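Quick notes on the structure that follows.
In our numbering, the protein residues as written are 259 to 645.
Put into structure tokens, the structure is as follows:
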């Protein structure tokens, strides 16, 4: 089976993790700050805070921005559920904005129309989570301009996008957002096994997220309510969580980060080859905005079902039967039973629904060989045309 995604672990990664195992620190040592600084330097952000998952990063980002009961978070329906659930964790209401039919990201025009209605009805969002699906950045300049007009905060869910660029600037630099989030899950562009990171240029937000990721506990005299009782002393000054990243994970991340540019370049080369190989087939290949350099976490095709004579499911299952580990990213969040119990219905966001009815993620990872890619394309061609 050729999987849709796969980590690339090299001897340098193994050596880095082994060195930590043989050191004095398995957690709360020097490697996490080293990884944080390396990522911050790489993307041009002032602060980077490593955590145990991108979900945790989204949660503490929302809390640091003051999201709570009576507030609202808006995001794209085409994303993993964590992009929306982070709002629910804070007691806020969640709503969605339909996607752009070409980029599959949150549509700025749909956002503008929804904000105009929400302003009249007194229900503007406090936070908008802009998800860079497949690694292609959203139209952040347009979203930021709307944020300035309507007063909402912006989180870039860049879980798919480390190593990419927007308007020739590195994704994660915070130019158009308050906080950016990366994921280091094994199928992402670089991995720490599990892990995530929140990045910001705001000192106060960084301080809040630093507290929230580690129980709300501090040894910083400036944050304490009175002078320390002694060198052992700490205070809990907020209700935080155990969201810390381990030294082992950080060591793996430091090692992987050295190959980030090569990984992204290889993913883009694979995508370009797919574009050429699929040109004659009844599928729509991913459109790339000229302002973007995608991290290419995923390569999503859309089936031109009116030309195929097969159902979406039939094509998907035919590929699986031929050993091609295709997947579907994502099931629209608003159609999940948990969200439908809140009142959402399948037809609420028609572009998202059309995308879901046609999308298939083909294998995409930096060690995918030309022979494997040829096998993917041959299986797809046979499934679509019978030849």
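Backbone N, C-alpha and C fix where the C-beta goes; we use that ideal spot for every residue, glycine too.
Since we're looking at a predicted model, the values are computed, not measured.
DSSP three-state assignment for residue i, whether helix, strand or coil
i	result
residue 457	strand
residue 580	coil
residue 505	helix
residue 586	coil
residue 428	strand
residue 280	coil
residue 448	coil
residue 261	strand
residue 307	strand
Beta bridge counterpart(s) of residue i as assigned by DSSP
i	result
residue 641	Per DSSP, none; premise fails for residue 641.
residue 206	No information on residue 206 is available, as it lies outside the stretch 259 to 645 that the chain covers here.
residue 723	No statement about residue 723 is possible, as the shown extent of the chain runs from 259 to 645 and does not include it.
residue 384	Paired residue(s): none; residue 384 is not in a bridge.
residue 354	333
residue 542	560
residue 500	472
Separation of residue j from residue i, as counted between CA atoms
i	j	result
residue 607	residue 511	37 Å
residue 283	residue 273	16 Å
residue 553	residue 486	47 Å
residue 311	residue 401	25 Å
residue 466	residue 340	21 Å
residue 626	residue 438	29 Å
residue 604	residue 504	40 Å
residue 588	residue 259	21 Å
residue 575	residue 279	43 Å
residue 436	residue 413	6 Å
residue 547	residue 264	26 Å
residue 654	residue 422	As displayed, the chain neither begins before 259 nor continues past 645, which places residue 654 out of reach and without an answer.
residue 390	residue 491	42 Å
residue 619	residue 633	15 Å
residue 614	residue 392	14 Å
Under 8 Å between C-beta atoms of residue i and residue j
i	j	result
residue 277	residue 419	no
residue 507	residue 453	yes
residue 501	residue 532	no
residue 385	residue 410	yes
residue 430	residue 457	yes
residue 455	residue 290	no
residue 317	residue 446	no
residue 568	residue 464	no
Proximity test, residue i beta-carbon vs the ligand SAH heavy atom, cut-off 7 Å
i	result
residue 466	The ligand SAH is not among the ligands present in this structure, which contains no ligands whatsoever.
Closest Cα partner of residue i within the set the options
i	options	result
residue 470	292, 386 and 309	309
residue 376	435, 330 and 462	330
residue 267	432, 326, 425 and 448	448
residue 351	530, 404, 631 and 601	601
residue 396	361, 595 and 348	361
residue 369	319, 355 and 542	355
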